[in-house]
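Participant: 124 is the number that UniProt numbering gives the last residue of the sequence shown; the numbers go up by one with no jumps. We treat Cβ as the ideally placed atom computed from N, Cα and C, and that holds for glycine.
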Amino acid sequence: MYSNKVTLIGFTGADAEVRTNNDRSLTTLPLATKSSYKKDGKYIEHTEWHRCVVFGKLGEFAATLKKGAHIQVEGELRSRKYDSKKTNSEQTIWEIRVNSILKLDRAAKAAAEDEDESTEEEAA
1 MYSNKVTLIG FTGADAEVRT NNDRSLTTLP LATKSSYKKD GKYIEHTEWH RCVVFGKLGE
61 FAATLKKGAH IQVEGELRSR KYDSKKTNSE QTIWEIRVNS ILKLDRAAKA AAEDEDESTE
121 EEAA
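Rendered as structure tokens:
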């Protein structure tokens with residue numbers, strides 16, 4: 001049995017971009033994830049950028065996402081080759097073909113609003 005499943009949680013690096021190709025639209029999102037490790041007593045942070053590609057109805061939802069949105073995506077890792085005009089050579093690009101998006105902003109904002117309301121009630 002084989003499995004190709006990727007789950008990423010991060011922030012969008014730009015507004016979603018919608019493209020139409022042969023009557024088929026696709027939405028692309030740059031997604032940033034961070035990791036850190038300790039080296040010589042100092043924490044080193046690393047940001048990894050992921051190209052996410054979304055099709056169909058989910059692509060329409062993805063098109064509404066703006067820069068800085070906190071999201072979780074699930075999908076599969078895909079590679080594709082293309083001929084680069086800049087380097088006159090074949091290039092390989094890795095993408096996440098997304099089949100699920102969970103917007104995480106709302107829960108964080110709702111929690112912050114609940115805290116504000118309870119603080120106001122306690123102060124009264």
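Exposed or buried, residue 59, counting other C-beta atoms within 10 Å across all chains shown (16 or more means buried)?
Facilitator: The residue in question, residue 59, is buried, as its Cβ has 16 or more Cβ neighbours within 10 Å.
Participant: Could you check whether the Cβ of residue 53 sits closer than 7 Å to any Cβ belonging to chain D?
Facilitator: In the displayed structure, chain D is absent; only one protein chain is listed.
Participant: Does the distance from the CB of residue 67 to the CB of residue 16 come in under 7 Å?
Facilitator: No, they are not a contact pair.
Participant: For the region 31-94, which segments carrying the alpha helix (DSSP H) assignment without a break, of at least 4 residues, lie completely within its bounds, in sequence order?
Facilitator: You should have 56-62.
Participant: Figure out for me which residue from 73, 47 and 104 has the closest Cα to the Cα of residue 29.
Facilitator: Answer by Cα proximity: 73.
Participant: Please state whether the Cβ-Cβ distance between residue 170 and residue 95 is less than 7 Å.
Facilitator: Outside the displayed range of the chain (1 to 124) lies residue 170, so it cannot be described from this structure.
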